[in-house]
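This report concerns only the one structure given below.
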Amino acid sequence: MSRYWSERFSKEGMIWGSEASPSAFWAKDRFREAGVTSVLIPGAGYGRNTKVFSSDFTAYGVELSLPALELAAEWDPLTVFIAGSALEIQLADTIDAVYCYDVLHLFLAEERRRLIEASLAQLRPGGLLYFTVFSDEDSNNGRGTMLERGTYEYKEGKYAHFFSEADLREHFADTEILETGSWTERLHSRHNGIHQYILRYLLARTK
Ligand SMILES: C[S@@+](CC[C@H](N)C(=O)[O-])C[C@H]1O[C@@H](n2cnc3c(N)ncnc32)[C@H](O)[C@@H]1O
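Residues in the sequence shown are numbered consecutively from 341, following the numbering used here.
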């Protein structure tokens, strides 16, 4: 997986452009209302979304791909980027919130469990989590080879887990779920033109 992303970041640079997802602004407002001061961003990419948080909070981005980290250091110098896996604990101290955009669906069941477990372990009690994932209503759901229940290799060498509302809630059963929903995300980039897909989100609090 890390080779796939590194090759893409090396070739395409800022793959999804420089504009942050509307979800980052929405999550930031919820975090601010809750008095958050520090945010962890697992699978931070080149910092497209971290920048929304680093302008107001202490922000930590965890990312495996070195080409992405090089882009991120330039694009968002205020975030502290950590080269490493989001499936493992990276911070010495707990933080107030986690924002994780389009990373959880990239993994098979065991690794999804580890990403959520690592995120929860780095949050303080009463901390907030905001995750986005591919929805089972997206047109790629069910395409190609099924690897596990709900997980499809929908393009050669590329797979994802497609979440129903119930499945998403089940993944976060150990938290207090505050809100879930879905929307159509539209991405504009120089290399790929306009691309859209259906995402689900979940806002939760640690117990
Ligand atoms: C679909 S991209 C999303 C990037 C970013 N969240 C954004 O909003 O632009 C998935 C990202 O997760 C990173 N990634 C994949 N596996 C990872 C892991 N185990 N630990 C940290 N980052 C990982 C990839 O390198 C890539 O940057």
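In this text, a Cβ means the ideal position worked out from N, Cα and C, and glycines have one as well.
**Prompt:** Nearest to residue 458 by CA position, among 476, 445, 429, is which residue?
**Reply:** Here residue 458 is taken as the residue at index 118 of the sequence shown, counted from 1. Per the Cα distances, 429.
For a test of your reading of the model: does the CB of residue 382 fall under 7 Å from any non-hydrogen atom of ligand 1? Yes or no. Against the sequence shown, residue 382 aligns to sequence position 42. The answer is yes for residue 382.
Quiz item: Where do the N-terminal and C-terminal ends of the beta strand (DSSP E) with residue 523 fall, by residue?
Solution: Residue numbering aside, residue 523 sits at position 183 when the sequence shown is read from its first letter. Run containing residue 523: 515-529, per the beta strand (DSSP E) assignment.
Problem set entry | First through last residue of the beta strand (DSSP E) which encompasses residue 392 | Numbered from its first residue, the sequence shown carries residue 392 at position 52. Run containing residue 392: none in the beta strand (DSSP E); it sits in the alpha helix (DSSP H), 390-394.
Next on the checklist: Using a 10 Å radius around the Cβ and a threshold of 16 neighbouring Cβ atoms, would you call residue 414 buried or exposed?
Outcome noted: Counted from its first residue, the sequence shown places residue 414 at position 74. Exposed is the call here.
Going by C-alpha distance, which of 397, 385, 353, 433 is nearest residue 425? The residue you call residue 425 lines up with position 85 of the sequence shown. Ranking 397, 385, 353, 433 by CA distance to the CA of residue 425 puts 385 first.
### Message
Does the beta-carbon of residue 366, which I'm using as the reference point, lie nearer than 7 Å to any heavy atom of ligand 1?
### Response
For the purposes of this step, residue 366 is taken as the residue at position 26 of the sequence shown. Every heavy atom of ligand 1 is 7 Å or more from the Cβ of residue 366, so no.
Requested in this report: Determine the contact status of residue 419 and residue 462, defining contact as a CB-CB distance below 8 Å.
Outcome: On the sequence shown, residue 419 is found 79 positions in, with the first residue counted as 1. On the sequence shown, residue 462 is found 122 positions in, with the first residue counted as 1. No, Cβ-Cβ distance for residue 419 and residue 462 is not below 8 Å.
query = Going straight from the alpha carbon of residue 489 to that of residue 500, what length do you get?
reply = By 1-based counting over the sequence shown, the position of residue 489 is 149. By 1-based counting over the sequence shown, the position of residue 500 is 160. The alpha-carbon atoms of residue 489 and residue 500 are separated by roughly 11 Å.
- Task: Determine the DSSP secondary structure at residue 498, reduced to helix, strand or coil.
- Result: Here residue 498 is taken as the residue at index 158 of the sequence shown, counted from 1. Correct three-state label for residue 498: strand.
Less than 8 Å between the CB atoms is what I'm expecting for residue 508 and residue 542, so what's the real figure, rounded? Within the sequence shown, the letter at position 168 stands for residue 508. Within the sequence shown, the letter at position 202 stands for residue 542. With 8 Å as the limit, residue 508 and residue 542 qualify as a contact, their Cβ atoms being about 5 Å apart.
Complete runs of the alpha helix (DSSP H) confined to the segment 374-439 [at least 4 residues]:
Within the segment 374-439, the complete alpha helix (DSSP H) runs of at least 4 residues are 390-394, 406-415.
Next on the checklist: Whether or not the segment 401-411 and the segment 467-481 are in contact is what I'm after, with contact meaning three or more pairs of Cβ atoms, one per stretch, closer than 8 Å; do they touch?
Outcome noted: Taking 8 Å as the limit for Cβ pairs, the verdict is that the segment 401-411 does not touch the segment 467-481.
Between residue 403 and ligand 1, is the CB less than 7 Å from at least one heavy atom? Indexing the sequence shown from 1 puts residue 403 at position 63. Ligand 1 approaches residue 403 closely enough that one of its heavy atoms is under 7 Å from the residue's Cβ.
Query raised in the report: residue 533: buried (16+ other C-beta within 10 angstroms of its C-beta) or exposed?
Result: Here residue 533 refers to the residue found at position 193 when the sequence shown is read from its first residue. Exposed.
Look at the Cβ atom of residue 503, then the Cβ atom of residue 479, and state whether they are nearer than 8 Å. Taking the first residue of the sequence shown as position 1, residue 503 is located at position 163. Taking the first residue of the sequence shown as position 1, residue 479 is located at position 139. If you check the CB distance, residue 503 and residue 479 do not come in under 8 Å.
| field | Beta-bridge partners of residue 329, as assigned by DSSP | value | Past the edges of the chain, shown from 341 to 547, lies residue 329, and the structure says nothing about it.
*Exposed or buried, which one is residue 486 when buried takes at least 16 other CB atoms within 10 Å?*
Numbered from its first residue, the sequence shown carries residue 486 at position 146. Exposure of residue 486 is indicated by the presence of fewer than 16 other C-beta atoms within 10 angstroms of its C-beta.
Closer than 6 Å by C-beta to residue 391: which residues in its own chain qualify, once you throw out the five before and the five after it? Chain order, please.
Numbered from its first residue, the sequence shown carries residue 391 at position 51. Closer than 6 Å at Cβ, skipping near neighbours: 416.
Three or more C-beta pairs closer than 8 Å, one from the segment 347-355 and one from the segment 376-384: is that the case here? The segment 347-355, when compared against the segment 376-384, does not touch it at the 8 Å Cβ threshold.
- Using the Cα positions of residue 452 and residue 445, report the straight-line distance between them to the nearest angstrom. Counting from one through the sequence shown, the residue named residue 452 turns up at place 112. Counting from one through the sequence shown, the residue named residue 445 turns up at place 105. So the two alpha carbons sit approximately 8 Å from each other.
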